[in-house]
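The structure appears below as structure tokens.
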Amino acid sequence: MTTRIRITRVTDGDEIARQVLPHMEALGQAVGSRMQRLVPKRTWALHDTISTETERKGSRVTTTVGFGNDKVDYGLEVERGTSKMRAQPFARPALAQSRAGDLNYRGAGIRRHGVRTITSRRTRLRARGAGA
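What follows is the structure, encoded as structure tokens:
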């Protein structure tokens with residue numbers, strides 16, 4: 009299971025979105041590299057699954073930072089901990105360390121740009137009552 013963090017910036021127009029795109033790419037790369045520095049590296053498997061992607065659709069620019077895959081599906085357990093293992097957060101601290109300066113904005117940091125929580129698809133489905 010891949011866990012994704014999406015950072016979306018909605019602009020006033022297509023031209024502004026085109027100008028924001030490289031800054032959003034830089035933000036994604038910065039968050040991804042911070043996650044790679046912070047992730048526990050016992051086997052390096054989770055470290056090697058961290059990836060970033062940026063796309064523009066009209067006036068909306070979205071950067072996605074993901075970790076985990078079908079073989080490495082324990083990223084959220086490492087991030088949040090379990091009943092038998094302490095939490096070793098790496099995604100939330102990477103987001104917290106990312107400042108608005110990564111986007112060349114002034115402001116309160118990444119929270120201002122729409123990131124509130126880290127959830128997986130499984131967590132969202134459980135919250136809706138659709139999955140087990």
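Each number in our numbering comes from the position in the sequence shown (counting from 1) with 8 added on.
Positions of the beta carbon are idealized from the N, C-alpha and C atoms, including for glycine.
In this text the structure is predicted, and so the values were computed from the model without any measurement.
Are residue i and residue j close, meaning C-beta to C-beta below 8 angstroms?
i	j	result
residue 32	residue 12	no
Just tell me which of the options has its CA closest to the CA of residue i.
i	options	result
residue 79	53, 41, 45 and 37	53
residue 62	92, 38 and 29	29
residue 104	26, 23 and 40	40
residue 38	23, 60, 55 and 56	60
residue 77	49, 56 and 51	56
residue 27	45, 69, 81 and 47	69
Cutting at 7 angstroms between CB atoms, please list the residues of its own chain near residue i, excluding the five before and the five after it.
i	result
residue 21	67
Among the residues of its own chain, which have a CB less than 8 angstroms from the CB of residue i, if the five just before and after it don't count?
i	result
residue 43	58, 73, 75, 98, 99 and 102
residue 24	67
residue 7	Residue 7 is absent from the structure shown; the chain starts at 9 and stops at 140.
Beta-carbon within less than 6 angstroms of residue i's beta-carbon, same chain only, minus the 5 sequence neighbours each way: which residues are those?
i	result
residue 95	88 and 89
residue 64	25 and 29
Can you name the start and end residues of the beta strand (DSSP E) that residue i belongs to?
i	result
residue 74	68-75
Is there a C-beta anywhere in chain C that falls below 8 angstroms from the one on residue i?
i	result
residue 62	The chain labelled as chain C is not found in the depicted structure, where only one protein chain is given.
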